[in-house]
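Numbering (my numbering), first residue to last: 1046 to 1267. Idealized CB from N, CA, C, for every residue including glycine. Just so you know, these numbers come straight off a predicted model, no measurement behind them. Comments concern the structure below.
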Amino acid sequence: MVEPDTLDQPIHPEGALLPWYLNGTLREDERRQVDQHLSSCAACRAELDELAQLNVQLHEVYAAQSEPSSRLQRAVLGQVALEASTKGAKSVSGPQRLKGLDEWFRSLFAPRWAPVLVVTLLVAQLGLLLWSMTRPTLLDQVTTRGLGAPTVRLRVVFQETASERQIRSLVQGLRGRIVDGPTSDGAYIMEFPAGDQAAAQKKVDVLRSQRESVRTVEPVTQ
């Protein structure tokens, strides 16, 4: 999968609820919210389709295989741990890594490894079930993201000719917000997400390049 550009395609909180939307375990208010979001978001609709297809494939695998014994499960998990520790100590070049990964996936579907695949899927499904029992609500997810993201504050003075629409578009494009202002000299204090000094400087450079809308930009000293 290709990671989307965070500015153009922000992560949607509703996307985290798609597995429970699919199995019908959401609260009514969450279900309505996801319904409304899906009606206008092609990316989340595509992700929901992928989850549905994966669910069908998993059920087909479970139906085709008998349940492994506890002895087999312990043996498989031990072998997986051993192979992971052995392969982790080796340095492999790019083409060799891709070839090895392809061979590993093909080996999973060999008859002697079919029980291994079943056990792995069962463990993964159990982990997903345990996680779903303790998942936060949609509001908790949004609040946690907002509090945990590092930010930078900038003092921005806009051009007198800048329209409200231009200012709003610029702020939203950088995923920022106005937290104070205007001051007596027309300055606004704006807050933007920035993980480090380089990211903060990039925000400053972008704003300074918008000369039709922005007069001055200065970092706010904490």
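### Query
Are ARG1222 and PRO1238 touching if we call contact CB-CB under 7 Å?
Here the question's residue 1222 lines up with position 177 in the sequence shown. Here the question's residue 1238 lines up with position 193 in the sequence shown. Taking 7 Å as the Cβ cut-off, ARG1222 and PRO1238 do not qualify as a contacting pair.
#### Entry: Residue burial classification, ILE1056 (beta-carbon count within 10 angstroms, cutoff 16)
For this step, residue 1056 is matched to residue 11 along the sequence shown. By the 10 Å Cβ count, ILE1056 comes out exposed.
### Query
DSSP state of GLN1186, grouped into three classes?
In the sequence shown, residue 1186 corresponds to position 141, counting from 1. Residue placement at GLN1186 is poorly supported in this model, since its pLDDT is 47, which falls under 50; the coordinates still yield a value, given next. In the three-state DSSP reduction, GLN1186 falls in the helix class (H, G or I).
### Query
Exposed or buried, what is GLY1191 when buried is set at 16 or more other beta-carbons lying within 10 Å of its beta-carbon?
Translated into the one-based positions of the sequence shown, residue 1191 becomes position 146. Reliability fails at GLY1191, whose pLDDT of 46 lies under 50, so the model's placement of it is uncertain and no value is given.
### Task
With DSSP as the reference, label GLU1236 as helix, strand or coil.
For the purposes of this step, residue 1236 is identified with residue 191 of the sequence shown, where counting begins at 1. Here GLU1236 sits in strand by DSSP.
#### Entry: Reference ALA1061, options GLU1236, SER1208, GLN1255, LEU1093, closest by Cα
Within the sequence shown, the letter at position 16 stands for residue 1061. Selected option, being the one with the closest Cα: LEU1093.
### Query
Which first and last residues belong to the alpha helix (DSSP H) in which ASP1010 is found?
Since the displayed the chain opens at 1046 and closes at 1267, residue 1010 lies outside it and no answer follows.
#### Entry: VAL1262 and VAL1216 closer than 7 Å at C-beta
Position 217 of the sequence shown, counted from the start, is the residue given in the question as residue 1262. Position 171 of the sequence shown, counted from the start, is the residue given in the question as residue 1216. In this structure, VAL1216 does not lie closer than 7 Å to VAL1262 by Cβ.
### Query
Across which residues does DSSP place THR1070 in a beta bridge pair?
Along the sequence shown, read from residue 1 onward, the residue named residue 1070 stands at position 25. Looking at the DSSP output, THR1070 shares a beta bridge with no other residue.
### Query
DSSP on ALA1097, reduced to helix/strand/coil?
As a position in the sequence shown, residue 1097 is number 52, starting the count at 1. In the displayed model, ALA1097 falls within a helix according to three-state DSSP.
### Task
Run the CB neighbour count on LEU1063, radius 10 Å, all protein chains shown included, and call it buried at 16 or more, exposed below.
Position 18 of the sequence shown, counting from 1, holds the residue named residue 1063. Under a 10 Å Cβ-count criterion, LEU1063 is classified as buried, with 16 or more other Cβ atoms of the shown protein chains found around its own Cβ.
### Message
Here's the rule I'm using: 16 or more other beta-carbon atoms within 10 Å means buried, otherwise exposed. How should LEU1071 be labelled?
### Response
Within the sequence shown, the letter at position 26 stands for residue 1071. With 16 or more other CB atoms across the displayed protein chains lying within 10 angstroms of its CB, LEU1071 is buried.
### Task
Return the CA-CA distance between ARG1210 and ARG1256, expressed in angstroms with no decimal places.
Within the sequence shown, the letter at position 165 stands for residue 1210. Within the sequence shown, the letter at position 211 stands for residue 1256. When only Cα atoms are considered, ARG1210 and ARG1256 end up about 15 Å apart.
### Task
Note down, in chain order, each residue of its chain lying with its Cβ closer than 8 Å to the Cβ of LEU1096, except the 5 sequence neighbours on either side.
Looking up residue 1096 in the sequence shown gives position 51. LEU1063, PRO1064, LEU1067.
### Query
In terms of residue numbering, what span does the beta strand (DSSP E) encompassing LEU1199 cover?
As a first step, residue 1199 is located in the sequence shown; it is residue number 154 there, counting from the start. Per DSSP, LEU1199 belongs to the beta strand (DSSP E) from 1196-1203.
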